[in-house]
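*Asks:* Encoded as structure tokens, here's the structure I'll be asking about.
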Amino acid sequence: MTRDEGADMVSSFLGLGREDVKVLFAETNGPHLKHTFVEAIYADNRGLADKAVAENRPVHE
Numbered sequence: 002m003t004r005d006e007g008a009d010m011v012s013s014f015l016g017l018g019r020e021d022v023k024v025l026f027a028e029t030n031g032p033h034l035k036h037t038f039v040e041a042i043y044a045d046n047r048g049l050a051d052k053a054v055a056e057n058r059p060v061h062e
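What follows is the structure in structure tokens.
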């Protein structure tokens, strides 16, 4: 997988900017993400989803 293909995939699935993803890939010398980074995204998204459920509104707006 090329960095561009990886950036497209991460951008689509995790909602990050393509250029931001390319910067992350440059730090890992390839199309890779550090576990701590993915964990932070998951925690943020989980928090937003929990808040939406508590407010009885759609999770995805």
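Numbered per my numbering, the sequence shown spans residues 2 to 62.
All C-beta atoms, glycine included, are put in the ideal place defined by N, C-alpha and C.
Given the structure is predicted, the values throughout are model-derived calculations rather than measurements.
1. If you draw a straight line from the C-alpha of aspartate 51 to the C-alpha of proline 59, how long is it?
2. Would you mind sorting phenylalanine 14 into buried or exposed? The rule is 16 or more other CB atoms within 10 Å of its CB.
3. Name the two residues that bound the continuous alpha helix (DSSP H) containing arginine 58.
4. What is the C-beta distance between alanine 27 and arginine 19, in whole angstroms, given that I count them as a contact (C-beta under 8 angstroms)?
5. Can you grab the Cα-Cα spacing for the pair alanine 44 / asparagine 30, in whole Å?
*Replies:* Reading off the structure:
1. 11 angstroms
2. exposed
3. It is not in any alpha helix (DSSP H) - arginine 58 carries neither H nor E in the DSSP assignment.
4. Wrong, their Cβ atoms sit about 13 angstroms apart, outside the cutoff.
5. 25 angstroms
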